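Chains as they are written, first to last, in UniProt numbering: chain A, 1 to 421; chain S, 1 to 121.
Using N, Cα and C, we set each Cβ at its ideal position, and we do this for glycine too.
The structure displayed is predicted, hence computed values, not measured ones.
Let me begin by presenting the structure, written as structure tokens, before commenting on it.
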Amino acid sequence: MKEYDIVVIGGGPAGLAAAVSAKCSGVENIIVLERDKELGGILNQCIHNGFGLHTFKEELTGPEYAYRFMEKLYKEKIPYKLNTMVMDISKDKIVTAMNREDGVFKIKAKAVILAMGCRERPKGALNIPGYRPAGIFSAGTAQRLVNIEGYMPGKEVVILGSGDIGLIMARRMTLEGAKVKLVAELMPYSGGLKRNIVQCLDDFNIPLKLSHTVVDIEGKERVSAVTIAQVDNHGKPIKGTEERYTCDTLLLSCGLIPENELSRNAGVLMNSLTNGPIVNESLETNIEGIFACGNVLHVHDLVDYVSEEAKKAGESAAKYVKGEQINNNNNSVEIKAIEGVRYTVPSTINVDRMEDMLTVRFRVGKVYKGAYVSVYLDNERIMHNKKKIMAPGEMEQVILVKNKLKEQPELKTITVKIEDE
Amino acid sequence: MEKRELTCIGCPMGCQITVELDEKEVKSVQGNTCAIGDKYARNEVINPERTVTSTIVVLEGDKPRVSVKTKSNIPKSRIMDCMKEIDSARVKAPVKIGDILIKNVCDTGVDIVATRNIEKL
Chain A
1 MKEYDIVVIG GGPAGLAAAV SAKCSGVENI IVLERDKELG GILNQCIHNG
51 FGLHTFKEEL TGPEYAYRFM EKLYKEKIPY KLNTMVMDIS KDKIVTAMNR
101 EDGVFKIKAK AVILAMGCRE RPKGALNIPG YRPAGIFSAG TAQRLVNIEG
151 YMPGKEVVIL GSGDIGLIMA RRMTLEGAKV KLVAELMPYS GGLKRNIVQC
201 LDDFNIPLKL SHTVVDIEGK ERVSAVTIAQ VDNHGKPIKG TEERYTCDTL
251 LLSCGLIPEN ELSRNAGVLM NSLTNGPIVN ESLETNIEGI FACGNVLHVH
301 DLVDYVSEEA KKAGESAAKY VKGEQINNNN NSVEIKAIEG VRYTVPSTIN
351 VDRMEDMLTV RFRVGKVYKG AYVSVYLDNE RIMHNKKKIM APGEMEQVIL
401 VKNKLKEQPE LKTITVKIED E
Chain S
1 MEKRELTCIG CPMGCQITVE LDEKEVKSVQ GNTCAIGDKY ARNEVINPER
51 TVTSTIVVLE GDKPRVSVKT KSNIPKSRIM DCMKEIDSAR VKAPVKIGDI
101 LIKNVCDTGV DIVATRNIEK L
């Protein structure tokens, strides 16, 4: 069996950044396993601009951003295997994978970094009534067809869900000559970034209907029309508000789900809110030596944050491999997410193991205007930051300072919550 | 005095910006958190600009299309003209990231450049 210090599962933005940072932290023997035929992951089909403002201080397109990290990987001479599907990760970190050249093979890893990304919530999970004709695509599938393969999925389009990919595709399809009639969003707020509403919808006069959903799909061979209706506070369609839109295509942009089949099989414990692994300050899962980063951990809206997080996972994995990690003596402090804060990543902190500063990322449960993000160490409030606006579609963060936490040796719980005043 | 509410598209923060305008003159910009926002707001009310991204057909390449972008922003009103020129263009592999594929698109003074590598088949 081949042995590696670190096996990185996935060659997208998270995997690339994790591998490069592990190598730069002094680990030589690393391999990246990627199931697609090229590195870069989903960035290859995200041809729009807006990536990298935090990381590179310039605005790049998805493929350009991916290429920056691919170049680093090449420069560090980190080996990778393409067209390689990982089938299993065991508790003792034996990775079973397969491809056309090697067949089925096993790798023994000292540490594993999970970087498999996420996938779109499929149509089947949405329970839309009506027929099931051709012409219904997830927004990401349409994006791949248009941007990589060069096919247009349709001419008259309705989009359900206002996630970023849906918004981006509304503009993309319009630019390529399609008529995008409407974006309908079930929630009373958009799931996408504000800037995308401006430059993808407003710029092209595409209406966005909040609190609306698709209640019927028509068409035998191909979609011929959809009916949308307003929904009440419980998401139930309101009778009498139905509107019919003729169209040949329905795109779905209704959320992303971390792809954790491999993690679950390995025995990694999951957070039911993020659908990603529960991790500590080192982005380590409950299984020693298995780390997670990027969209497999929790869905991000900015790739810049994915790269930042992945860098940290790479450094942590390197420390673990080199035996420099301080033992996790169960001296963990729990981070509680309550009152408007849906979850935090990480969800526990071992103060001895944390770096001088630790970024804790979270999402809020609804739209807040002029509210405060507060952090409590047990009962003492140490942070109280006013935010003009917070929305579920935009990830928030607080930065915890090690020295501050060290001042309280008896610390049991860190609480992050939203307060009105 | 006219007041315009804008959402900055300079970065994913999406700051809410208020611009005060007198005729065609910007009197004040508020709500931005960086210099990009100030610049965006002043441009947006007088002469809105956008980056356009799309794909161009590649001949003899290992992929059918290469992703491209306008090297800098072009006037918002020229987006559709720019798309027409991009759609009718054909380039031959190999293509390197940063290669100029259309010079001075629609007389905007801005070039269309490749945003990825395409190998020759």
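Which value, in whole angstroms, describes the spacing of the CA atoms of residue i and residue j?
| i | j | result |
| --- | --- | --- |
| Val-27 of chain A | Lys-75 of chain A | 15 Å |
| Met-187 of chain A | Asp-99 of chain S | 43 Å |
| Leu-16 of chain A | Lys-106 of chain A | 21 Å |
| Gly-130 of chain A | Asn-29 of chain A | 53 Å |
| Met-98 of chain A | Ile-42 of chain A | 21 Å |
| Pro-409 of chain A | Met-116 of chain A | 37 Å |
| Arg-171 of chain A | Arg-244 of chain A | 22 Å |
| Gly-14 of chain S | Glu-309 of chain A | 22 Å |
| Gly-289 of chain A | Thr-249 of chain A | 45 Å |
| Ser-88 of chain S | Ile-159 of chain A | 28 Å |
| Gln-143 of chain A | Glu-176 of chain A | 12 Å |
| Ile-31 of chain A | Lys-91 of chain A | 19 Å |
| Met-1 of chain A | Arg-119 of chain A | 31 Å |
| Gly-323 of chain A | Tyr-376 of chain A | 33 Å |
Here's the rule I'm using: 16 or more other beta-carbon atoms within 10 Å means buried, otherwise exposed. How should residue i be labelled?
| i | result |
| --- | --- |
| Asn-117 of chain S | buried |
| Asp-5 of chain A | buried |
| Ile-113 of chain A | buried |
| Ile-335 of chain A | buried |
| Gly-235 of chain A | exposed |
| Arg-50 of chain S | buried |
| Met-87 of chain A | exposed |
I want to see whether chain A comes within less than 9 Å of residue i, judged by CB atoms only; does it?
| i | result |
| --- | --- |
| Lys-120 of chain S | no |
| Gly-37 of chain S | no |
| Pro-64 of chain S | yes |
| Ile-17 of chain S | no |
| Asp-87 of chain S | yes |
| Ile-100 of chain S | no |
| Ile-46 of chain S | no |
| Ser-28 of chain S | no |
| Cys-106 of chain S | no |
| Leu-6 of chain S | yes |
| Asn-117 of chain S | yes |
| Ile-9 of chain S | yes |
| Lys-71 of chain S | no |
Can you tell which of the options has its C-alpha closest to the C-alpha of residue i?
| i | options | result |
| --- | --- | --- |
| Tyr-189 of chain A | A:Glu-176, A:Leu-210, A:Thr-55 and A:Leu-269 | A:Leu-210 |
| Met-357 of chain A | A:Val-146, A:Val-345 and A:Ile-399 | A:Ile-399 |
| Gln-230 of chain A | A:Lys-239, A:Leu-73 and A:Cys-254 | A:Lys-239 |
| Phe-362 of chain A | A:Asp-301, A:Thr-413, A:Ala-318 and A:Leu-182 | A:Asp-301 |
| Pro-63 of chain A | S:Asp-111, S:Thr-53 and S:Ser-77 | S:Thr-53 |
| Ile-228 of chain A | A:Leu-182, A:Leu-201, A:Ile-338 and A:Leu-256 | A:Leu-182 |
| residue 422 of chain A | A:Leu-201, A:Val-401 and A:Lys-93 | It is not possible to answer for residue 422 of chain A, since the shown part of chain A is limited to 1 through 421. |
| Val-321 of chain A | A:Ala-22, A:Val-364 and A:Ser-263 | A:Ala-22 |
| Ile-338 of chain A | A:Ser-374, A:Glu-71 and A:Ile-349 | A:Ser-374 |
| Glu-25 of chain S | S:Pro-94, S:Glu-2 and S:Thr-108 | S:Glu-2 |
| Glu-23 of chain S | S:Cys-8, S:Lys-76, S:Ile-46 and S:Gly-109 | S:Ile-46 |
| Gln-45 of chain A | A:Ala-66, A:Met-395 and A:Glu-261 | A:Ala-66 |
| Ile-78 of chain A | A:Glu-419, A:Thr-344, A:Val-8 and A:Tyr-305 | A:Val-8 |
| residue 425 of chain A | A:Thr-55, A:Gly-365 and A:Ala-225 | For residue 425 of chain A there is no data in the structure shown, the boundaries of chain A being 1 and 421. |
Are any of the Cβ atoms in chain S nearer than 9 Å to that of residue i?
| i | result |
| --- | --- |
| Lys-387 of chain A | no |
| Gly-150 of chain A | yes |
| Glu-394 of chain A | yes |
| residue 422 of chain A | Beyond the ends of chain A as shown, which are 1 and 421, falls residue 422 of chain A; an answer cannot be given. |
| Ile-47 of chain A | yes |
| Asn-327 of chain A | no |
When you check each C-beta in the stretch 187 to 206 of chain A against every C-beta of chain S, which residues fall closer than 8 Å?
Leu-193, Lys-194, Arg-195, Ile-197, Val-198, Gln-199 and Asp-203
### Task
Check each residue of the stretch 358 to 385 of chain A: if its Cβ is closer than 7 Å to any Cβ of chain S, include it; give the result in chain order.
none
_Closer than 7 Å between beta carbons: that is the criterion. Which residues of the stretch 64 to 83 of chain A meet it against chain S?_
Glu-64 and Tyr-67
Item to complete: Would you list, in chain order, the members of the stretch 292 to 307 of chain A that have their beta-carbon closer than 9 Å to a beta-carbon of chain S?
Response: Asp-301, Leu-302 and Asp-304
If the cut-off is 7 Å on Cβ atoms, which residues from the stretch 157 to 175 of chain A count as contacting chain S, listed in chain order?
Leu-175
Please name the residues in the stretch 49 to 63 of chain A whose beta-carbon is closer than 9 Å to at least one beta-carbon of chain S, in chain order. Asn-49, Gly-50, Leu-53, His-54, Glu-59, Leu-60, Thr-61, Gly-62 and Pro-63
The stretch 213 to 244 of chain A: which residues have C-beta closer than 7 Å to a C-beta of chain S, in chain order? none
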